[in-house]
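Undergrad: Okay, here's the structure, questions in a sec.
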Amino acid sequence: MSFTDIKISKAIVDDYFRKLASSLELDVAIVGAGPAGLTAGYFIAKQGYRVSLFEKRLSVGGGIWGGGMMFNTVVVSEEASGILDELGVRYRETNDSLYTADAMEFAGALIYRSTQAGLRIFNLVTVEDLLVKGGRVEGLVINWSPAEAASLPVDPLTVQSRYSVDATGHPLEVVKTLCRKSGVRLFTETGAILGERSMCADEGEKFVVENTGEIAPNMFVAGMAACAAFGGPRMGPIFGGMLLSGKKVADIIINRLEEKK
Ligand SMILES: Cc1cc2nc3c(=O)[nH]c(=O)nc-3n(C[C@H](O)[C@H](O)[C@H](O)COP(=O)(O)OP(=O)(O)OC[C@H]3O[C@@H](n4cnc5c(N)ncnc54)[C@H](O)[C@@H]3O)c2cc1C
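Anchor point for the sequence shown: position 159 equals 159 in the numbering used here, and the numbering is continuous, going up by one each time.
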């Protein structure tokens, strides 16, 4: 076997640009590769829609890897165990209708199953702004994370999407930018971000699923971003709500896409 170094570089460049070019016009753009964003991406990709996910860090998985206080075991409620089954993640039942799974296996399965289903994931890409026309979100503005970290004067690129999902967790980064720059009135009680409340796992797990959905025209929230937007409690290192929230936002968006076929 013989190949030149330049052929290795060419293979990387060609393949990456094929992936990027096919992500410039999307059905769904997801921001944040935590459990909520990856689950949403898995279910949307499984239906054959054009969906890509942008993650600002080098590694994807968000808050999964560290478990609670770096104990890398995740806890999932009974209601979400079906999603673990679907992903092929093994788990153990505790005495309290809670299930534990290995955080490494959980993160690995989410990444593997979502990309196998057709989700395109771009790590090291920060969503720094949105494409907004007539008060409707029509896409994302992306840039390399190192460019942003170094405050380099590098212009971003734009990705067009029919629907966008803020799954950035506690910081709610995308919706915050939408409010700050475009003054869009949100579908919350006050029209503004309500902010996350103190910890209560039981309430938080229910709240995050109930409040997953559209927050501004064509813009959705899932996972901890939904708690931060709609004023729900944080829930600590329990992940069932994140999975159910990711599945719920996928179902809502898939229905919208089906209606408009
Ligand atoms: C650093 C960190 C600290 C956390 N601390 C706590 C805590 O103290 N208590 C607690 O209850 N939970 C905490 N969590 C979250 C906890 O693990 C959650 O239960 C769960 O991970 C939330 O899932 P999620 O999918 O909503 O978001 P996350 O798992 O938080 O994933 C969000 C992802 O979005 C990415 N992201 C954010 N902004 C952008 C952007 N502009 N462009 C592209 N990508 C972006 C992040 O890098 C991250 O990977 C923390 C998570 C993280 C990442």
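Just so you know, even glycine gets a beta-carbon here, dropped at the ideal spot from N, CA and C.
Quick caveat, the model's predicted, so the values are computed rather than measured.
Quick check: the stretch 231 to 249 against the stretch 203 to 210, are there 3 or more CB pairs under 8 Å?
TA: Touching, yes.
Undergrad: Would you call the stretch 147 to 162 and the stretch 68 to 85 touching, i.e. three or more CB-CB distances under 8 Å?
TA: The stretch 147 to 162, when compared against the stretch 68 to 85, does not touch it at the 8 Å Cβ threshold.
Undergrad: Locate the beta strand (DSSP E) running through Gly139, then write down its first and last residues.
TA: Taking the first residue of the sequence shown as 1, we reach residue 139 at position 139. Counting along the chain, the beta strand (DSSP E) containing Gly139 begins and ends at 136 to 144.
Undergrad: Out of Val76, Pro217, Leu110, point me to the one whose CA is closest to Asn95's CA.
TA: Along the sequence shown, read from residue 1 onward, the residue named residue 95 stands at position 95. Checked all of Val76, Pro217, Leu110; the closest Cα to Asn95 is Val76.
Undergrad: Could you give the DSSP three-state label for Leu261: helix, strand or coil?
TA: Residue 261 sits at position 261 when you count from the first residue of the sequence shown. Residue identity differs from the one stated: residue 261 is Lys in this sequence, not Leu. Note: Lys261 maps to coil in three-state DSSP.
Undergrad: Kindly examine ligand 1 and report whether one of its heavy atoms sits closer than 7 Å to the Cβ of Thr126.
TA: What you label residue 126 is simply residue 126 of the sequence shown in a count that begins at 1. For ligand 1, at least one heavy atom lies less than 7 Å from the Cβ of Thr126.
Undergrad: I'd like the span of the alpha helix (DSSP H) that includes Asp15, first residue to last.
TA: The residue given as residue 15 occupies position 15 in the sequence shown. Element bounds for Asp15: 5 to 21.
Undergrad: On the CB-based measure, 16 or more other CB atoms within 10 Å of its CB, does Gly135 come out buried or exposed?
TA: On the sequence shown, position 135 is the one that residue 135 refers to. Classification of Gly135: exposed, given that the 10 Å Cβ count is below 16.
Undergrad: Report yes or no: do the stretch 35 to 48 and the stretch 238 to 253 share at least 3 C-beta pairs separated by less than 8 Å?
TA: Verdict: yes, contact present.
Undergrad: Hey, is Ala33 close to ligand 1, as in C-beta under 7 Å from one of its heavy atoms?
TA: Counted from its first residue, the sequence shown places residue 33 at position 33. Result yes, Cβ under 7 Å from ligand 1.
Undergrad: Out of Leu119, Val125, Val137, point me to the one whose CA is closest to Lys46's CA.
TA: Locating residue 46 in the sequence shown gives position 46, counting from the first residue. Cα-wise, what sits closest to Lys46 is Leu119.
Undergrad: Give the DSSP-derived three-state secondary structure of Tyr99 in the structure shown.
TA: The residue labelled residue 99 in the question sits at position 99 within the sequence shown. Tyr99: strand per DSSP, three-state reduction.
Undergrad: Can you tell me whether DSSP reads Lys247 as helix, strand or coil?
TA: Numbered from its first residue, the sequence shown carries residue 247 at position 247. In the structure shown, Lys247 sits in a helix (DSSP, three-state: H, G or I).
Undergrad: Determine the direct distance from the alpha carbon of Glu173 to that of Asn72, and round the result to whole angstroms.
TA: In the sequence shown, residue 72 corresponds to position 72, counting from 1. In the sequence shown, residue 173 corresponds to position 173, counting from 1. If you take the alpha carbons of Asn72 and Glu173, they lie about 26 Å apart.
Undergrad: In chain order, what residues of the same chain have a beta carbon less than 7 Å from the beta carbon of Ile121, not counting five sequence neighbours either side?
TA: Locating residue 121 in the sequence shown gives position 121, counting from the first residue. Cβ within range, chain order: Ala33, Leu53, Glu55, Val60, Thr115.
Undergrad: Report yes if the CB atom of Ala222 is closer than 8 Å to the CB atom of Ser245, and no otherwise.
TA: Residue 222 sits at position 222 when you count from the first residue of the sequence shown. Residue 245 sits at position 245 when you count from the first residue of the sequence shown. In this structure, Ser245 lies closer than 8 Å to Ala222 by Cβ.
Undergrad: Quick check: what's the CA-CA separation for Ala21 versus Leu98?
TA: Residue numbering aside, residue 21 sits at position 21 when the sequence shown is read from its first letter. Residue numbering aside, residue 98 sits at position 98 when the sequence shown is read from its first letter. Using only the alpha carbons, I get a separation of about 43 Å.
Undergrad: Going by the beta-carbon positions, is the gap between Leu130 and Leu186 smaller than 8 Å?
TA: On the sequence shown, residue 130 is found 130 positions in, with the first residue counted as 1. On the sequence shown, residue 186 is found 186 positions in, with the first residue counted as 1. Their beta carbons are not under 8 Å apart, which means Leu130 does not touch Leu186 by this criterion.
Undergrad: Quick one: does the C-beta of Met242 sit closer than 7 Å to a heavy atom of ligand 1?
TA: Indexing the sequence shown from 1 puts residue 242 at position 242. Yes, the Cβ of Met242 comes within 7 Å of a heavy atom of ligand 1.
Undergrad: Measuring only the C-alpha atoms, how far is Asn211 from Phe3?
TA: For the purposes of this step, residue 211 is taken as the residue at position 211 of the sequence shown. For the purposes of this step, residue 3 is taken as the residue at position 3 of the sequence shown. Rounded to whole angstroms, Asn211 to Phe3 spans 54 Å at the Cα level.
Undergrad: Counting C-beta neighbours from all protein chains within 10 Å, is the total for Thr126 16 or more, i.e. buried, or is it exposed?
TA: Here the question's residue 126 lines up with position 126 in the sequence shown. Buried is the call here.
Undergrad: Rounding to the nearest angstrom, what Cα-Cα distance links Ser182 and Lys7 in this structure?
TA: Here residue 182 corresponds to residue number 182 of the sequence shown, with the count starting at 1. Here residue 7 corresponds to residue number 7 of the sequence shown, with the count starting at 1. Their backbone Cα atoms lie some 45 Å apart in a straight line.
Undergrad: Quick one: what does DSSP say Lys133 is sitting in, helix, strand or coil?
TA: The sequence position of residue 133 within the sequence shown is 133, counting from 1. Strand.
Undergrad: Please classify Gly88 as buried or exposed, where buried requires at least 16 neighbouring CB atoms within 10 angstroms.
TA: Taking the first residue of the sequence shown as position 1, residue 88 is located at position 88. Under this definition Gly88 is an exposed residue.
Undergrad: Taking the continuous beta strand (DSSP E) assigned at Leu186, which residues delimit it?
TA: Here residue 186 is taken as the residue at index 186 of the sequence shown, counted from 1. Unbroken run through Leu186: none, as it is neither H nor E.
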